[in-house]
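Engineer:
Number of protein chains: 4
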Amino acid sequence: MKKIAVITSGGDCPGMNAAIRAVVRVALTCGVEVWGIRNGYAGMIDDDMAKLDSRSVGDIIQKGGTFLGTARSEEFKTLKGQQKAADNLQAHGIEGLVVIGGDGSLTGAKQLSELGIKIVGLPGTIDNDIWGTDYTIGFDTAVNTALDAINKLRDTASAHGRVMLVEVMGRACGWIALTAGLAGGAEIILVPEQPFSSDDVCKKLVESRSKGKKYSIIVVAEGASSAIDLGKYISAKTGLETRVSVIGHIQRGGAPTVADRLLASRLAERAVRALVDGRSDIMIGYQSNQCVEVPIADAVGKKKDIDPELYRLADVLSQ
Amino acid sequence: MKKIAVITSGGDCPGMNAAIRAVVRVALTCGVEVWGIRNGYAGMIDDDMAKLDSRSVGDIIQKGGTFLGTARSEEFKTLKGQQKAADNLQAHGIEGLVVIGGDGSLTGAKQLSELGIKIVGLPGTIDNDIWGTDYTIGFDTAVNTALDAINKLRDTASAHGRVMLVEVMGRACGWIALTAGLAGGAEIILVPEQPFSSDDVCKKLVESRSKGKKYSIIVVAEGASSAIDLGKYISAKTGLETRVSVIGHIQRGGAPTVADRLLASRLAERAVRALVDGRSDIMIGYQSNQCVEVPIADAVGKKKDIDPELYRLADVLSQ
Amino acid sequence: MKKIAVITSGGDCPGMNAAIRAVVRVALTCGVEVWGIRNGYAGMIDDDMAKLDSRSVGDIIQKGGTFLGTARSEEFKTLKGQQKAADNLQAHGIEGLVVIGGDGSLTGAKQLSELGIKIVGLPGTIDNDIWGTDYTIGFDTAVNTALDAINKLRDTASAHGRVMLVEVMGRACGWIALTAGLAGGAEIILVPEQPFSSDDVCKKLVESRSKGKKYSIIVVAEGASSAIDLGKYISAKTGLETRVSVIGHIQRGGAPTVADRLLASRLAERAVRALVDGRSDIMIGYQSNQCVEVPIADAVGKKKDIDPELYRLADVLSQ
Amino acid sequence: MKKIAVITSGGDCPGMNAAIRAVVRVALTCGVEVWGIRNGYAGMIDDDMAKLDSRSVGDIIQKGGTFLGTARSEEFKTLKGQQKAADNLQAHGIEGLVVIGGDGSLTGAKQLSELGIKIVGLPGTIDNDIWGTDYTIGFDTAVNTALDAINKLRDTASAHGRVMLVEVMGRACGWIALTAGLAGGAEIILVPEQPFSSDDVCKKLVESRSKGKKYSIIVVAEGASSAIDLGKYISAKTGLETRVSVIGHIQRGGAPTVADRLLASRLAERAVRALVDGRSDIMIGYQSNQCVEVPIADAVGKKKDIDPELYRLADVLSQ
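Protein chains in written order, with the UniProt record's numbering: chain A, 1 to 319; chain B, 1 to 319; chain C, 1 to 319; chain D, 1 to 319.
#1: Sort A:Thr125, A:Gly10, A:Ala172 and A:Ala149 by Cα distance to Asp140 (chain A) and report the nearest one.
#2: Buried or exposed: where does Arg312 (chain B) fall if 16 or more other Cβ atoms within 10 Å of its Cβ makes it buried?
#3: Output yes if chain B places a C-beta closer than 9 Å to the C-beta of Gly185 (chain D); else output no.
#4: Of the residues D:Gly11, D:Val26 and D:Pro14, which one's Cα is nearest the Cα of Ser318 (chain B)?
#5: Got a sec? Which residues, its chain only, sit under 7 Å from Thr107 (chain C) by beta carbon, not counting five neighbours each side?
#6: With three or more beta-carbon pairs closer than 8 Å as the criterion, would you say the region 260 to 276 of chain D touches the region 255 to 272 of chain B?
#7: For Asp12 (chain C), go through chain D and note every residue whose CB falls closer than 8 Å to its CB, in chain order.
#8: If you run the structure through DSSP and keep just helix, strand and coil, what is Trp35 (chain D)?
#9: Alpha carbon to alpha carbon, how far is Asn17 (chain C) from Lys80 (chain C)? Give it in angstroms, no decimals.
#10: With a CB to CB cut of under 8 Å and the five nearest residues on each side skipped, what residues in its chain are close to Gly231 (chain C)?
#11: Where DSSP assigns a beta bridge to Ile189 (chain B), which residues make up the other side?
#12: Look at the alpha carbon of Val272 (chain B) and the alpha carbon of Asn39 (chain B), and state the distance between them as a whole number of angstroms.
#13: Just to make sure I have the definition right: I need the residues of chain A whose C-beta is within less than 7 Å of the C-beta of Asn289 (chain C). Which are they?
#14: In the DSSP output, which residue or residues are listed as bridge partners for Ile176 (chain B)?
#15: Between Ala50 (chain C) and chain D, is there a C-beta pair that is closer than 9 Å?
#16: Just list the alpha helix (DSSP H) runs in the region 36 to 111 of chain A, keeping only unbroken ones of 4 residues or longer that don't cross its boundaries, in chain order.
#17: Measure the Cβ-Cβ separation of Ile117 (chain C) and Ile100 (chain C) and say whether it is below 9 Å.
#18: Do you know offhand how far Asp200 (chain B)'s Cα is from Ser56 (chain D)'s?
#19: Which residue's Cα is closest to the Cα of residue 326 (chain D): D:Ile218, D:Gly248, D:Lys213 and D:Glu193?
#20: Taking the alpha carbon of Phe67 (chain D) as the reference point, which residue from C:Ile176, C:His160 and C:Asp87 has its own alpha carbon closest?
#21: Is any heavy atom in the ligand FMN found nearer than 8 Å to the beta carbon of Met164 (chain D)?
#22: Consider the Cβ of Gln194 (chain A): report whether some Cβ of chain C lies at a distance smaller than 9 Å.
#23: Can you tell which of A:Val316, A:Val34, A:Leu182 and A:Cys202 has its C-alpha closest to the C-alpha of Ser235 (chain A)?
#24: Do the region 202 to 219 of chain B and the region 248 to 261 of chain B touch if we need at least three Cβ pairs shorter than 8 Å?
#25: Could you name the residues of the region 241 to 258 of chain D whose beta carbon sits closer than 7 Å to any beta carbon of chain C, in the order they occur along the chain?
#26: Which chain A residues sit within Cβ distance under 8 Å of Met164 (chain B)?
#27: Would you list the one or two residues that DSSP bridges to Met169 (chain D)?
#28: Which class does Cys202 (chain C) belong to by DSSP, given the choice of helix, strand or coil?
#29: Could you give the C-beta distance for Asp268 (chain A) and Ala22 (chain A), rounded to a whole number, given that I count them as a contact under 8 Å?
#30: Note down, in chain order, every chain A residue with its Cβ under 7 Å from the Cβ of Ala22 (chain C).
#31: In the DSSP assignment, find the beta strand (DSSP E) that holds Lys304 (chain D) and state where it starts and stops.
#32: Within this structure, are the beta carbons of Val292 (chain B) and Gly132 (chain B) separated by less than 9 Å?
#33: Indicate whether Ile137 (chain C) and Cys30 (chain C) have their beta-carbon atoms separated by less than 9 Å.
#34: Measure the C-alpha to C-alpha separation of Ile61 (chain B) and Ser54 (chain C) and round it to an integer number of angstroms.
#35: Along chain B, which residues have their Cβ under 9 Å away from the Cβ of Thr78 (chain A)?
#36: In the DSSP assignment, find the beta strand (DSSP E) that holds Ile284 (chain D) and state where it starts and stops.
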């Protein structure tokens, strides 16, 4: 393998730049040329790509987002679009591709691999919902951002004796809510994976007041409920004062944490080494503190559940 | 004056603790005893107050919220409630009172003063909407928190080429939106004081794309529009992708900034010195880098507008 | 087991409060009474301890330091001191003890266990140097604090083209330097475990300038070198401008990160369950994302080395 | 005036980028072309400059450092160097120059003005030591960074009952130490402007212990003392445990605060308007919340003292 490319696709996450940097520098160490594709699969179709050298990835490790840009592409969902993208890579002599992104991006990678491109995927999404890896790139930063919000809400919740609701990301998946909620000492955590009744939430809040809790923090995954609607319901039902924050895309930004930079760097190194050694159609995951290679078909086909032990622990600790 | 009390009332804000600490330590230096009243005027009515010494305000300067607690009180809105509160103070021999809070709290202070309590108010609100002072305690922290959110949104906005809307506090007043928006390089800032049309917003966004801006940040004061509704409108009208964050009470929390701690400390010192010197029925403001005493009736009766120069500058700089 | 105690000892670290909170709340769920010992083993000797309930550990999960206090005790190093401490526990009917601390504290725990106290240790130190656990409580927060410093130095290093040295903690152990250095994109990382020559450092700096690097960041563990002395040497030898920061105990403070709060909570839960189930003389470690029980004699007797793979990766990525 | 240039010179500070951005965008609004000079006066001598447009200053407002770079230049200290620099500007048709920097940079500006270049200076230095302005660009960010360090030291100081020393910047000037110390609740603040004896420091520490203070924070300006030496002295003399942090150039980095971005934007706007209106040989200062124009000869010739009132207040509040 003499020439590879790197692409970030789908929703961005903190740590993508650290991954790109590691792909480039490790590849150069292995004597492999690296190209960067701009704006995701759309850029691959538009032949928007350029060679990267070591200096071109300097001073980016600390930045959120992705300096290559990212986008969603309708055209790439068609076989014609995919073929055009693959043709562009081949025209440049690019044999291998490192794809950094979430579920949709890795699915796209799998489709490219069927057109003859050697593919290695990296799990890059704040949602931590990719099968085959304990952690995804961006998750640690996102939950720390959510935690920072909870820390601040705690100050004012405590001063007023209020119920504070914070809505975090997670349409189909409660990892951010569960993790930030446990770390933030939330009294109630609502995730898409666990059905709940708003009345039970109200009951629990009323009970905890009678036990001496002076304020409450509720963390809600966007896929579990609208925090705004739930806040109104609680207020109407219990008479408790509620306030709501919807932190939204703030969770996607910011300088990546140590853990995300290390994870991105390690996975990226392994991705390049796999390509160089002739292995592809895989995603590099991180399991039990080791880089592992999992079939990309499994990574995009299987579902990763939240940890039930963590959910149980959160409940015990909020007593 | 031998004995004074200090109270935080209404919405909390970062810097209230720094103000309480300064009231206590300056008063002790002047040979005056200080009591702390818990949970705002409600606590004054319930006689929930205790003597404070220098150590009891140790290790609080860095904390958001108010360790005395705060609350809103319906009972205090009645003359009977006010009389009960005043009676409690007098029963303890408390002659003077430092009230830290926003418009409503200072109005309450004015009412107490009519019942014979010597009152000095401090402007404590994140909204910066109190007449007679250039800055209110908590404003600098709140706008820096909002700015931090904007910084993070910028990463992901840049990666995706999106329109990011962030809704900040300010029901009747656009100081937070204007200041955070200008500092954050927002393209559009919407404040309650300036009428706007959603169509003009859409037009401006479309134009800026044609001039080469790849993404846009819109800061919306809650009193100007719902960012969620506006985001939907823009998306439907222009086809641009929008994302919304409603940062809410996060703005009220967090460790106070240097500026808020200094402001709180300076105003608090002057408040105590005014009481000791026999002046009351005033609010201590900060004008042109000096503590000033303004009649409390003016502070609660007059309206402070946003700075039109700042609004104009924000527009020039977003080109 | 009806009654246990919890103690923090030795150097404090972020996450100790989260661990105490979890010990208390899990124990109460198991029907076990919990006492808190103040100021480490010194407080145990002085019988400075009190019963804790669920509310007494409210609002502490977000705080650095330890609300129980910690101290070093000369008296506890004697058998007489240890016996007095054990007697005090027994006088209160305390059968089990959870000790949160580093190497010295766990060694103390082992000694107490020889006097009949059932002991479970938790690895609490920013240094990450305890055998038997992949991570220690406080490490993730400390390296993120060091990383934040490096992020800031990068701004000014880049503006000036300077060599910035930052000295981080780690007398005998380079985990903080290695991890923060890798994450921070440091060009050179100096750890106690790896001998180096100052002249080689100078040579590498000069070479990297000739390759186009405009500035350099060097992370130095305090046990590897004095950053101040090294900075002077580099400057004299190469003529490059150097600047030095010694971040010191700042690394010990601050609100704990998500990872540290989770680690503390999980380990603490397991510690209580082990005591309740009759297991002791162990430390709870975290290996491959699982809580594990290791003999406390191993935890204090064996040495944990830095990860050589990480060191190699740091070198590749700094090219 | 048809064409101006902007330069950052001397030590960098947070907010320089915000100032450059405002100079460019305001000038373009006025129909004036703007050039950016790279690496300070050295770049002016080397003719290292290029035209800037509105997009070229996009996405920089949030960044520390200066994207133009900065450097110190020995050659510029000679008349020959200055003449060469002036000739380069004139060769490009550049008539006016906005210089952003500290005392040395503004002195350089004054020298250029004597060679026929129309000059307006902006006070850009974290030290806040420029006569004619209440605040310099970068000061607010630097003191908030120092405060963050103090906040973290407080956690661990409190846990251990130690004396923590933190050395901040300020060779000839105590503004950072005084302001951060007051805001951080430091017990002792040492500044170059106020002579002190190490024995008095020791005495005060011992007394405060006897009054019940459990730990102490000392903020030392680098120009007042070496914190490392002082820490050793205190420890030897009093037996109190001391720990030292030297935060150094960390204070120069980081995203600028709201206040610094606003200050930079306002001053920059006024600088451009002054040039356009034909006024030069001035520095734009900020006094009593207003932009003012002061003769550049005064700005570099007069000394700005620390505020004695603030120093006195710090002492009262540390009781």
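C-beta: ideal position from N, C-alpha, C; glycine also.
Source: prediction; values computed, not measured.
Structural biologist: In short:
#1: The shortest Cα separation from Asp140 (chain A) among A:Thr125, A:Gly10, A:Ala172 and A:Ala149 belongs to A:Thr125.
#2: By the 10 Å Cβ count, Arg312 (chain B) comes out exposed.
#3: Yes, because at least one Cβ of chain B sits closer than 9 Å to the Cβ of Gly185 (chain D).
#4: The shortest Cα separation from Ser318 (chain B) among D:Gly11, D:Val26 and D:Pro14 belongs to D:Val26.
#5: So the list reads Val300, once near-sequence residues are dropped.
#6: Touching, no.
#7: Per Cβ cutoff of 8 Å: Asp155, Thr156, Ala159 and His160.
#8: Residue state, collapsed to three classes: strand.
#9: Cα to Cα, the separation comes out at about 30 Å.
#10: When the five nearest sequence neighbours on each side are left out, the beta carbons in the same chain lying within less than 8 Å of the beta carbon of Gly231 (chain C) are those of Val163, Leu165, Thr242, Arg243 and Val244, in order along the chain.
#11: DSSP output for Ile189 (chain B) lists B:Val219 as bridge partner(s).
#12: One C-alpha to the other measures close to 21 Å.
#13: The contacting residues are Asp134 and Ser288.
#14: Looking at the DSSP assignment, Ile176 (chain B) forms no beta bridge with any residue, so it has no partner.
#15: The Cβ of Ala50 (chain C) sits no closer than 9 Å to any Cβ of chain D.
#16: List check, alpha helix (DSSP H) in window: 40 to 45 and 79 to 91.
#17: No, they are not a contact pair.
#18: Pairing Asp200 (chain B) with Ser56 (chain D), the inter-Cα distance amounts to about 26 Å.
#19: The structure shown has nothing for residue 326 (chain D), since chain D only spans 1 to 319.
#20: By alpha-carbon distance to Phe67 (chain D), the top candidate from C:Ile176, C:His160 and C:Asp87 is C:His160.
#21: Absence of the ligand FMN from the depicted structure is noted, as is the absence of any ligand whatsoever, leaving it without description.
#22: No - not a single Cβ of chain C is within 9 Å of the one on Gln194 (chain A).
#23: Comparing Cα positions, the closest option is A:Cys202.
#24: Touching, no.
#25: Correct list: Arg243, Val244, Ser245, Val246, Ile247, Gly248, His249, Ile250, Arg252, Gly253 and Gly254.
#26: The answer, in chain order, is His249.
#27: The partner list for Met169 (chain D) (beta bridge, DSSP) is empty, contrary to what the question assumes.
#28: Looking at Cys202 (chain C) - three-state DSSP - the assignment turns out to be helix.
#29: In the sequence as presented, Asp is not what sits at residue 268 (chain A); that position holds Ala. Their Cβ separation, rounded to whole angstroms, is 4 Å, which keeps Ala268 (chain A) and Ala22 (chain A) in contact under 8 Å.
#30: Neighbours of Ala22 (chain C) on chain A, chain order: Leu317.
#31: From DSSP, Lys304 (chain D) is part of no beta strand (DSSP E); its letter is neither H nor E.
#32: Gly132 (chain B) is positioned such that its CB atom lies closer than 9 Å to that of Val292 (chain B).
#33: Cβ atoms of Ile137 (chain C) and Cys30 (chain C): not closer than 9 Å.
#34: Taking the straight line joining both Cα atoms gives about 26 Å.
#35: Simply none; closest approach about 21 Å.
#36: Counting along the chain, the unbroken beta strand (DSSP E) around Ile284 (chain D) starts and ends at Ile282 to Gln287.
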